[in-house]
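**Q** One rule links them: number in my numbering = place in the sequence shown (from 1) + 171.
Note that beta-carbon positions come from the ideal geometry of N, C-alpha and C, so glycine has one too.
Source: prediction; values computed, not measured.
I have a structure I would like to understand better, so I am pasting it below and will then ask my questions one at a time.
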Amino acid sequence: MPMRAPIYLSPPDVGPAEEAAVLRALRSGWATPFGPEVDAFEQEVAQRVGVPYALALNSGTAALHLGLLSCGVGPGEVVLVPTVTFVATANAVLYTGATPVFVDCDLATGNVDVGLLSEVVADLRRAGRRIGAVMPVDMFGSCVDYDPLLDLCREAELRIVEDSAEALGSTYRGRCAGSFGDAGVFSFSHNKMITTSGGGMLLSHDEQLIAQARHRANQARIPAQHHEHDEVGFNYRLSNILAAMGRAQLARLDEMTARRRRLREHYSKLFASVDGVEVLSEGDPGTNCWLTVIVVDPKLSGWHAADLAQHLAQAAIETRPAWKPMHRQPLFATAEARLTGAADRLFAQGLTLPSGSSLDDLQIDRITAEVQGFLHQHS
């Protein structure tokens with residue numbers, strides 16, 4: 172039997188529009204880490220999100236780092252970070268010399284437990300600890316519960332660096348992800364909602380914050396005929412060619428989001444009658460459905476998430492567990508964390524299913540047939 176082509180979790184969704192945009196940028200002569208495509212990309216993302224200022228960068232990680240620095244975060248401070256996130260969120264804190272303190276999640280969404288976060292803030296304040304910032308993460312494309320989070324941070328006078336790497340196009344009560352914090356961050360990595368192959372964006376309502384970040388992203392160079400630098404800077408700029416690709420992707424965002432949402436609805440129907448299986452953040456009207464995660468209670472279902480993962484892997488269909496919590500990572504084995512057990516349960520029982528907007532009907536039918544076959548075997 173011939174090998175079946177693999178189906179990936181969230182592959183890039185690129186085509187003729189992106190090809191034409193890259194060629195346009197190449198032919199313009201602006202093969203540089205700045206240029207008209209970068210300027211336009213910044214303006215278009217800012218307009219889409221409803222934030223006045225934006226800075227295009229070469230990764231979402233760079234945006235997180237500069238966002239923290241521009242909020243004044245540094246050594247001797249702690250930054251509150253969800254334990255359910257990608258390591259880049261926590262690493263960016265370490266880059267500044269500050270220390271992450273991890274906070275557990277809400278099991279219904281995977282996002283930070285805001286009530287628990289409030290307790291941590293109060294305890295740190297009583298202990299005389301300096302809190303540099305709070306870093307909420309919009310997991311799998313669903314926004315954090317921002318109303319109580321904003322109230323908490325406003326009352327405690329805490330800066331917010333919003334990690335919306337996965338949430339471009341998502342909304343919370345009509346307001347766009349990336350617009351809630353003192354700084355907001357998107358990622359344009361290969362598997363995100365839109366891609367520049369590698370890239371990111373820092374956004375803010377604060378013109379000075381973006382100006383300071385822009386200076387540091389360009390090696391902290393002062394305008395002069397010679398090279399003049401006034402502080403430690405970084406080579407974090409985005410290529411003009413990749414920005415052109417991002418503009419083409421951004422123009423297709425609504426179409427690609429709609430396809431991911433239809434796939435989420437399909438999975439919800441597929442598992443609707445299966446005991447012990449829930450779709451994470453099901454019913455969230457604002458999610459971009461970047462990745463669909465199911466949570467499996469083996470006591471009710473009779474099988475584990477890992478069993479389905481193994482079955483699909485044998486059919487060349489990629490899945491992945493939900494994010495391994497930061498407090499379980501070797502890098503952060505001794506880190507401070509406030510836990511309820513929710514993140515550990517999500518990691519043990521969660522499974523991320525193929526969710527890409529480039530999946531065609533034949534691929535979706537193949538995934539469906541394999542899942543149905545598995546469920547029949549375990550019924």
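Ordered along the chain, which non-local residues of its own chain (more than five positions away) have a Cβ less than 7 Å from that of Met172?
**A** No answer about Met172 holds up, because its pLDDT of 48 lies below 50 and its placement is not dependable.
**Q** Please list the segments of the alpha helix (DSSP H) lying wholly inside the segment 283-347, counting only runs of 4 or more residues, in order along the chain.
**A** List check, alpha helix (DSSP H) in window: 285-297 and 317-327.
**Q** Check whether the Cβ atoms of Tyr179 and Ser375 lie closer than 7 Å to each other.
**A** Contact: no.
**Q** Would Lys363 be called buried (16 or more neighbouring beta carbons within 10 Å of its own) or exposed?
**A** Lys363 comes out buried.
**Q** Over what stretch of residues does the beta strand (DSSP E) that includes Tyr224 continue unbroken?
**A** Where Tyr224 is concerned, the enclosing beta strand (DSSP E) stretches over Tyr224 to Leu228.
**Q** State the start and end residues of the unbroken beta strand (DSSP E) segment that holds Leu265.
**A** Careful: Leu265 lies outside any beta strand (DSSP E), inside the alpha helix (DSSP H) at Val258 to Tyr266.
**Q** Grab the span of the beta strand (DSSP E) containing Met372 for me, first residue to last.
**A** Gly371 to Ser375 is the extent of the beta strand (DSSP E) around Met372.
**Q** If you reduce the DSSP assignment to three classes, tell me which class Met172 lands in.
**A** Note that Met172 scores 48 on pLDDT, short of 50, meaning its location in the model is unreliable and no value can be drawn from it.
**Q** Using 7 Å as the threshold, is the C-beta distance between Ala348 and Cys324 below it?
**A** Not closer than 7 Å, so no.
**Q** What do you reckon, are the CB atoms on Val308 and Thr260 nearer than 7 Å?
**A** It is a contact, given that the beta carbons lie within the stated cut-off.
**Q** Since Val283 and Pro253 should fall inside the 8 Å C-beta cutoff, what is the C-beta to C-beta distance between them, to a whole number of angstroms?
**A** Going by Cβ atoms, the distance from Val283 to Pro253 rounds to 4 Å, so yes, they are a contact pair.
**Q** Does the beta-carbon of His398 have 16 or more other beta-carbons within 10 angstroms, so that it is buried, or is it exposed?
**A** Exposed is the call here.
**Q** Could you check what DSSP says for His482 in three-state terms: helix, strand or coil?
**A** It is helical.
**Q** Would Ala480 pass as a contact of Val467 if the rule is Cβ separation under 7 Å?
**A** In this structure, Val467 does not lie closer than 7 Å to Ala480 by Cβ.
**Q** Could you tell me which of Gly312, Tyr407 and Asp353 sits nearest to Asp342, measuring between CA atoms?
**A** One detail in the question is off: residue 342 reads as Thr in this sequence, not Asp. For Thr342, the nearest C-alpha among the options comes from Gly312.
**Q** Do you know offhand how far Val285's Cα is from Glu453's?
**A** Cα to Cα, the separation comes out at about 19 Å.
**Q** Since Ser181 is in the beta strand (DSSP E), which residue starts that stretch and which ends it?
**A** Careful: Ser181 lies outside any beta strand (DSSP E) and carries neither H nor E.
**Q** What residues in its chain sit with their C-beta under 8 Å from that of Glu541, if we drop five residues either side in the sequence?
**A** Excluding positions up to five away in sequence, the list reads His482, Leu483, Ala486 and Ile488.
**Q** For the segment 356-444, which segments carrying the alpha helix (DSSP H) assignment without a break, of at least 4 residues, lie completely within its bounds, in sequence order?
**A** You should have 378-388, 411-422 and 424-442.
**Q** Would you grab the beta carbon distance between Gly281 and Ala493 for me? Rounded to a whole angstrom, and I think it's under 8 Å.
**A** Between Ala493 and Gly281 the Cβ distance is about 7 Å, and since that is below 8 Å, they are a contact.
**Q** Under a three-way DSSP split, which group does Phe503 fall into?
**A** DSSP places Phe503 in helix when its eight states are reduced to three.
**Q** My assumption, with CB atoms under 8 Å, is that Gly226 sits in contact with Ala388. Please give the rounded CB distance.
**A** Per the sequence shown, residue 226 should be read as Leu rather than Gly. With 8 Å as the limit, Leu226 and Ala388 qualify as a contact, their Cβ atoms being about 7 Å apart.
**Q** I need the straight-line Cα distance from Asp184 to Thr505, nearest angstrom please.
**A** So the alpha carbons of these two residues sit roughly 39 Å apart.
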